[in-house]
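Numbering (this note's numbering), first residue to last: 17 to 118.
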């Protein structure tokens, strides 16, 4: 089966799920995490912040982090779609915005 122009732009193995289907999956994920009653959740690879927002809506303390290849130094700024949520970013894709116990 030939790859369409849209598939080529997204990558041939691009995510084919619909927005509503993904929203439901994010909601189910947030419900499961909230049910575990974590002290702090790390949304590593937070992207646009949908999961961070859903976790906060469920009273989960969350720290958001995303990789930014253009970041010269690590930093923090508001997420564009959710300006009330600050996220940490770094050009190091495995950097964590929290200190780990020694």
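For every residue, glycine included, the Cβ atom is placed at its ideal position computed from N, Cα and C.
Item, Value
"Give the straight-line distance between the Cα atoms of residue 70 and residue 43, rounded to the nearest whole angstrom.", "7 Å"
"What would DSSP say about residue 65, mapped onto helix, strand or coil?", "coil"
"Residue 106 and residue 94 - do their beta-carbons sit closer together than 8 Å?", "no"
"Measure the Cβ-Cβ separation of residue 97 and residue 65 and say whether it is below 8 Å.", "yes"
"Kindly indicate the opening and closing residues of the beta strand (DSSP E) around residue 55.", "Segment: none, residue 55 is in no beta strand (DSSP E) and carries neither H nor E."
"Does the Cβ of residue 112 have 16 or more other Cβ atoms within 10 Å, making it buried, or fewer, making it exposed?", "exposed"
"Note the first and the last residue of the continuous beta strand (DSSP E) segment covering residue 78.", "78-83"
"So is the beta-carbon of residue 77 under 7 Å away from any non-hydrogen atom of the ligand ATP?", "No copy of the ligand ATP occurs in the structure displayed, which carries no ligand at all."
"Does the distance from the CB of residue 51 to the CB of residue 82 come in under 8 Å?", "no"
"Among residues of its own chain, excluding the 5 on either side of residue 26, which ones have a beta-carbon nearer than 8 Å to its beta-carbon?", "Only weak support exists for where residue 26 lies, its pLDDT of 48 falling under 50; the value from the coordinates is given anyway. Cβ neighbours of residue 26 beyond the five flanking positions: none."
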